[in-house]
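Q: Position 152 of the sequence shown, counting from 1, maps to 176 under our numbering, and the rest follow consecutively.
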Amino acid sequence: MTNDKIIACICEGSAESVIVNKLLDEGKLIFSRDDLLDNEVLRCRSASKFEGRYLGKGFTKKIAVYRILDSRREDFKLHKAYKSKVDVINVITAPEIEMLIIIKENKFSDYSKVKSKMKPSEYCKQILKMQEVKSQEFVLKYFMNTEELVWAINEYKRLANIPKDEVCLADLIV
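1. Take Glu36 as the anchor and find which of Thr170, Lys153, Ala71 has the nearest alpha-carbon.
2. Starting from the C-beta of Lys73, find all residues in its chain whose C-beta is less than 6 Å away, skip the five residues before and the five after it, and write them out in chain order.
3. In this structure, does DSSP put Asn130 in helix, strand or coil?
4. Less than 8 Å separating the beta-carbons of Val115 and Ile92?
5. Does the region 99-112 come within contact of the region 152-170, defined as at least 3 CB pairs closer than 8 Å?
6. Suppose you measure from the CA of Val157 to the CA of Ala194; what does that come to, to the nearest Å?
7. DSSP three-state call for Asp94: helix, strand or coil?
8. Give me the residue from Asn45, Val89, Lys153, Thr117 with the minimum Cα distance to Cys33.
9. I need the boundaries of the alpha helix (DSSP H) containing Val42, first residue and last residue.
10. Measuring straight from C-alpha to C-alpha, what distance separates Glu98 and Met154?
11. For the region 179-186 against the region 59-69, are there 3 or more C-beta pairs whose distance is under 8 Å?
12. In this structure, how does DSSP classify Leu193 when only helix, strand and coil are distinguished?
13. Reducing DSSP to helix, strand and coil, say where Met25 ends up.
14. With DSSP as the reference, identify every bridge partner of Cys33, one or two as the case may be.
15. Using only the alpha-carbon positions, how far apart do Ser140 and Pro119 sit?
Laid out in structure tokens, this is it:
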């Protein structure tokens with residue numbers, strides 16, 4: 025990535041954080057760890073806490089905030105003073121990051137039949153018998169092969185009904 029912006033990458037949950045860190049470590053994202061604010065993926069969901077912790081540092085470059093989250097409704101309203109200095113890009117993993125596991129297991133069509141009654145994480149636990157699906161250790165071990173992770177991310181974009189203007193994880197892959 026060009027160094028015209030500082031990148032803040034904020035992950036909602038631990039599974040998202042594991043996946044983004046893995047992709048960063050393998051050089052699979054459109055930005056690198058060196059581009060990141062404090063060289064790390066952040067876990068700060070509140071706009072006001074983000075402002076207080078990071079935006080008072082007097083940056084000379086514009087900041088792009090990539091928020092990796094599964095909710096389309098979650099607000100991240102920055103103070104007016106930061107509007108021209110910060111771009112917020114929501115990267116939606118709806119309904120849940122566990123959809124990548126369902127896809128990797130080739131169960132997308134099976135899950136589609138029960139999705140109105142069952143969240144992806146519940147499907148992974150009950151049907152796929154993956155009790156630890158929410159743990160960082162499980163996600164890291166399950167997606168040990170980065171190429172399989174990238175395939176699942178791209179396949180999710182192909183299979184899912186993603187709204188036209190919505191950014192998803194596949195859009196961050198190089």
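Ideal placement from N, C-alpha and C gives every residue a C-beta, glycine not left out. In this text the structure is predicted, and so the values were computed from the model without any measurement.
A: On the basis of the supplied data:
1. Considering only Thr170, Lys153, Ala71, the residue with the shortest C-alpha distance to Glu36 is Ala71.
2. Cβ neighbours of Lys73 beyond the five flanking positions: none.
3. coil
4. yes
5. no
6. 21 Å
7. coil
8. Closest option to Cys33, Cα to Cα, is Val89.
9. 38-49
10. 28 Å
11. no
12. helix
13. In this prediction, Met25 has a pLDDT of 46, which is less than 50 and means its spatial position is unreliable; what the coordinates show is noted afterwards. Correct three-state label for Met25: coil.
14. Paired residues: Tyr90.
15. 11 Å
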